[in-house]
Structure formats: C-alpha cells, structure tokens
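Protein chains in written order, with the numbering used here: chain A, 1 to 280; chain B, 281 to 468.
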Amino acid sequence: MKKLIFLFFVITLAGCEYELSPWETDAHCPGVSVEENLARLAAFEEANSKPDSFKVAIIGDPQQYPGAFEDTIKHINTLGDEVHFILLVGDLAETGIKAEFEWMCKAMSKSNIPIIPVIGNHDSISFGKDIWLDTFGEFDFYFTYFNTRFVAYNDNQYEFGEAPDREWLRESAEAVAEDGQPVEHIIGVSHVPPWDDNLGFDAHMSDSGYELTIHGHESSFDYWEREDVGLPHYITTQNRDPGFGMLTVYAGADMPLQVDNCSRDCLITTSRVIGIPSPQ
Amino acid sequence: MNLRLIVLLSVFMAVPQWANASYLDLQSGSLMGMVHASYGDSFFDNHHFSGGMGYVPKLDNHAEMTLFSLRYRYQNPYRFNFNVGGHDLQLSPVNFGTSLLYGKHSDLFLELPDQYPKGYYKPTALRIIFNYQSILHISDKTEVYFDISVLDVGLITYVREPEFFMDNYDYLGLEGITNWGFGLRRHF
C-alpha cells in the first residue's frame, strides 16, 4: 500500500506544475519569439533565390481553441513550399493568463514554417503584456522579406492608450531595406482594424507608403477601404470559424498583392487583388 | 510585504482565540498563493466551507499580490488505514472542491474600467478554481493534504478540445491544465 501511495504522489507531481496563482508570467514557450522566427525567415531568404511569388498564411483570434489552432497549423504544413510563413494577428489568449499562452505555444510548435505574432487586445489584459514581452518580444517591429516590408504594430487602444504610434509607423515604412535593396511592397499588420475615432490614420498610412493592412479581431472575414483614401484593410476570421487568410505577394513593385479567404480545407476561396499603388 | 505576512500569520494563529472554528487551513501553491490561510466550518458532515486570504511576494514571475478566497470542499467519508513506522495513519483519497479566488492588483479588475464599452471583458481579478485533495490524517485533529487544481479556463478548454490535450500532454492530457500544492489543516 505504501508503494502505491508513493507511486500516486510521484505520478501526480510529475504531471502537474507548482503554480502560485493564475497570474504567473513565466510562460514556457520555447522557440516562438519574434526574434527566433525572424532569424529562421532570414536564413531561408539567404539560402534561396527570390521567387516570383510567395504566400503568407494569416491566422487570427485562436483564443481558447488551441486544438483548432493546431489543426490549422498542421493543415498549412500540407500546403507546400509556396507558404513561407504565418502571420498570427493576435488574441492568442482570452483572459491574458500564462496557461492560455502555453497552450497556444504548444500548437505553434507544430508549424514547419515561422510564425510571426502581433499582440491582440485579449493578450494585453491581466498580466498579458508582461507575458508577451517575455515570450514573443516587442509589441512593434518590422522586417523585410524578399523586398516586402511587413510592419507589425500594436493598435490595442483601450489597453495601451497611445497606440498606434503614428510616427514610428511612418519611420518604419522606409523605401529601402536593411540590406540596401528597394522595398517593393509595404504591408501593415495589427490586431484591430483602424479605429473609427483615429481620424486621419488611413491617410497617414497611405501617405507613408502602405499598400495594405492586415488584421483580425472582428471574428469574420472582411475587406474594406475608405472611399476618400483607398487604403485596403483585410480582416481574417477567427481561427475556429474555421478559416484563415492567405496573402500572395508577387515580386516587383509594379505587381499586385492578393488576399484570399480560405476555409480550413481551402476548397472555397474568395480572392481579392489589390491594385498597383499610385505614385505618391 | 513583511507586515502583510505578519497579519496573515496572526489571523491564522489568532482565530482559535475568538472563533468557534471548525478548522484552520494553511496552503501553499495550487493557484492559491505562496501561502493561503483559511478559516472554515463543516456542514452536514462532509461539506466544508471556508474563507481565506493569501499572499504572493514580488517574484521574477509574479507581481506582489494579495488573494482572497471563498472555498467549498466535499470530503468523502471513505478512509483507509495503514501503518508507517508504528504510526497509524488514515488516508482520505477522494475529495473535491471549488474556490472563488479574487486577486487584488492594479492590473486586474472586478469592475470594468471606464475606457471599455459595457461587457467588453469579464472581470480579470476573479477566477474559479476546481480542485481535488488527497488528505492524510496524522491525528484526530491534524491533517495534511495534497491538492491538485484546475483553473476555470483550463477546465473549459479541456472539455471543448480534449484531443488537443491528450495529444500534447501526459496523463490523459491533464498535465496541461493541472497544478499542485499542499497544505496543513487543524481542526478545533
């Protein structure tokens, strides 16, 4: 009997974590930071010649459904070499606690390609901001991949007050990449689509050179632009819908971008081609 | 920090002097704080209710925080006896409970802050915890226990998508949602 009791406690201890409260901040998430994933992306870019086009999967709002998120990631793994990386447009967590992030990290670890995340409003509550900084890195960052600049920015206005940082967004839309190569496309990526009360934001983004912005948050596919500015905004659905978006970037500044609404099985897509930007 | 700890321990030590307490409970871990002191009573033999206060000091992975709880536990009357080193002990292997936990901190809220539209978030300071305890009765009045807990969102997510947890975690996936702690309970 003593052995049985001892065995029970050993098994139980091995299977649980000693947690002081729901609000701990040290999420166990190896390999998911933006820095690590950008390094993987840079290594791929370095090892390969520039393709005529590449695809980027866009997943939004997987909160509270890590299984559906994992299914989508595994499905994207089967789509072949055309999909170069995944943009994860926020709301990994629902209540901003460590456990929720860890489940999502577990799902992210199944991806064969880099996943670049941006912070969502639900990720920012409780102690989510601390967890995000520790696990994924900065809230605002940009990178250039095969001459396309992706600017990931925090626009969770309720949780951060001053977001988004317009001046930083303008500075990040430089027309020359870090390696001196020209930037052919500039794409903004954030969780929340442009806020109605953020007057002049679209014009600011368009004037800065952005061709397209990509978002989540609204839990359904959407695509819109203000008539007076003409900067398109693409919104992907919540992942458990199920669905994700697909961005296709064609090489060359005079070539368009394309976004598709994609069901999990990719049997039905609604494609939109974003025109060549007018000269500024 | 030290003052809070002294107050906490004082409550734990002082209650027997003035209260007709059924039991006092001191727990660590299992989502209830580094230390959590509760005072409770028993109803209908097997049902136990308690209220408590816990504390987590400032750590690398945790903000300093005071916790408050209301707890219920069903203690199954089944016990089995065994002997260790000449001491007769009893083990109550199957006991279940639930706790309402409130975390007091400026980053958490019970009432939605003004900047949010109504109903935008549920309270972040309030959590429900489900727990299992295995209780070792050292004497008639003193028991120690091992506690395994599951947070509200853990239970919900596990029920929604058990395959995810079974595929990714051990012990039927429960490794992904459970936490452990331990405690001492003294009856009066």
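Glycine included, C-beta positions come from ideal geometry on N, C-alpha and C. Remember, predicted model here, so these are calculated numbers, not experimental data.
State yes or no: is the beta carbon of residue i nearer than 8 Å to at least one beta carbon in chain A?
i, result
"Leu464 (chain B)", "no"
"Ile418 (chain B)", "no"
"Asp387 (chain B)", "yes"
"Phe444 (chain B)", "yes"
"Glu441 (chain B)", "yes"
"Val424 (chain B)", "no"
"Tyr382 (chain B)", "no"
"His367 (chain B)", "no"
"Gly320 (chain B)", "no"
"Gly434 (chain B)", "yes"
"Arg407 (chain B)", "yes"
"Gln355 (chain B)", "no"
"Thr378 (chain B)", "no"
"Leu469 (chain B)", "Examination of residue 469 (chain B) is not possible in this model, given that chain B is present from 281 through 468 alone."
"Asn448 (chain B)", "yes"
"Met333 (chain B)", "no"
Let me know the secondary structure DSSP gives residue i once reduced to three states.
i, result
"Trp132 (chain A)", "helix"
"Trp460 (chain B)", "strand"
"Asn198 (chain A)", "coil"
"Lys55 (chain A)", "strand"
"Tyr438 (chain B)", "helix"
"Asn37 (chain A)", "helix"
"Lys384 (chain B)", "strand"
"Arg240 (chain A)", "coil"
"Pro117 (chain A)", "strand"
"Asn261 (chain A)", "strand"
"Gly169 (chain A)", "Checking the sequence, you will find Leu at residue 169 (chain A) rather than Gly. Residue state, collapsed to three classes: helix."
"Gln370 (chain B)", "strand"
"His204 (chain A)", "helix"
"Glu184 (chain A)", "coil"
"Val89 (chain A)", "coil"
"Tyr158 (chain A)", "helix"
"Met255 (chain A)", "coil"
"Ile408 (chain B)", "strand"
"His328 (chain B)", "strand"
"Ser109 (chain A)", "coil"
"His75 (chain A)", "helix"
"Gly245 (chain A)", "strand"
"Ala301 (chain B)", "Here Ala301 (chain B) scores only 49 on pLDDT, less than 50, and its place in the model should not be relied on; the value that follows carries that caveat. DSSP places Ala301 (chain B) in coil when its eight states are reduced to three."
"Val433 (chain B)", "helix"
"Leu454 (chain B)", "helix"
Any C-beta of chain B sitting closer than 8 Å to the C-beta of residue i?
i, result
"Trp103 (chain A)", "yes"
"Leu41 (chain A)", "no"
"Asp26 (chain A)", "yes"
"Gln64 (chain A)", "yes"
"Phe139 (chain A)", "no"
"Trp22 (chain A)", "Looking at the sequence shown, residue 22 (chain A) is not Trp but Pro. At least one chain B Cβ lies under 8 Å of Pro22 (chain A)."
"Tyr250 (chain A)", "no"
"Ala99 (chain A)", "yes"
"Cys16 (chain A)", "yes"
"Lys106 (chain A)", "yes"
"Glu19 (chain A)", "yes"
Going by DSSP, what residues sit across from residue i in a beta bridge?
i, result
"Phe141 (chain A)", "A:Ala152"
"Met345 (chain B)", "B:Val336"
"Asp222 (chain A)", "A:Ile235"
"Ala317 (chain B)", "B:Leu306 and B:Met333"
"Ser419 (chain B)", "According to DSSP, which records beta bridges pairwise, Ser419 (chain B) is partnered with nothing at all."
"Gln355 (chain B)", "B:Asn375"
"Leu212 (chain A)", "A:Ile187"
"Asn363 (chain B)", "B:Asp368"
"Glu24 (chain A)", "In DSSP, Glu24 (chain A) forms no bridge with anything."
"Phe426 (chain B)", "B:Ser414 and B:Phe462"
Roughly how many angstroms lie between the CA atoms of residue i and residue j, to the nearest whole one?
i, j, result
"Ile409 (chain B)", "Leu304 (chain B)", "20 Å"
"Glu344 (chain B)", "Gln63 (chain A)", "27 Å"
"Cys105 (chain A)", "Glu171 (chain A)", "31 Å"
"Ser379 (chain B)", "Leu41 (chain A)", "46 Å"
"Thr25 (chain A)", "Arg149 (chain A)", "32 Å"
"Tyr506 (chain B)", "Met312 (chain B)", "Outside the shown range of chain B, which is 281 to 468, sits residue 506 (chain B), and nothing can be said about it."
"Asp165 (chain A)", "Val192 (chain A)", "14 Å"
"Asp50 (chain A)", "Ala163 (chain A)", "First, the residue type needs correcting, since residue 50 (chain A) is Lys and not Asp in the sequence shown. Cα to Cα, Lys50 (chain A) sits roughly 34 Å from Ala163 (chain A)."
"Ser386 (chain B)", "Leu87 (chain A)", "32 Å"
"Gly453 (chain B)", "Val89 (chain A)", "27 Å"
"His327 (chain B)", "Gly377 (chain B)", "9 Å"
"Lys129 (chain A)", "Val249 (chain A)", "31 Å"
Would you verify that the beta carbon of residue i is, or is not, closer than 8 Å to some beta carbon of chain E?
i, result
"Ser190 (chain A)", "In summary, chain E is missing from the structure at hand, where the protein chains are A and B."
Check: Are at least three pairs of beta-carbons, each pair with one atom in the segment 419-428 of chain B and one in the segment 449-468 of chain B, less than 8 Å apart?
Finding: yes
Margin query: Count Cβ pairs between the segment 413-420 of chain B and the segment 369-382 of chain B that sit closer than 8 Å; are there 3 or more?
Written below: yes
Check: Is the number of C-beta pairs between the segment 338-352 of chain B and the segment 32-40 of chain A that are closer than 8 Å three or more?
Finding: no
Check: Do the segment 77-93 of chain A and the segment 119-135 of chain A make contact, defined as three or more Cβ pairs closer than 8 Å?
Finding: yes
Margin query: For the pair the segment 178-188 of chain A and the segment 213-223 of chain A, tell me if three or more CB-CB distances fall below 8 Å.
Written below: yes
Note to self: If contact is defined by three or more beta carbon pairs under 8 Å, each pair taking one atom from either stretch, is the segment 68-76 of chain A in contact with the segment 106-118 of chain A?
What the structure shows: yes
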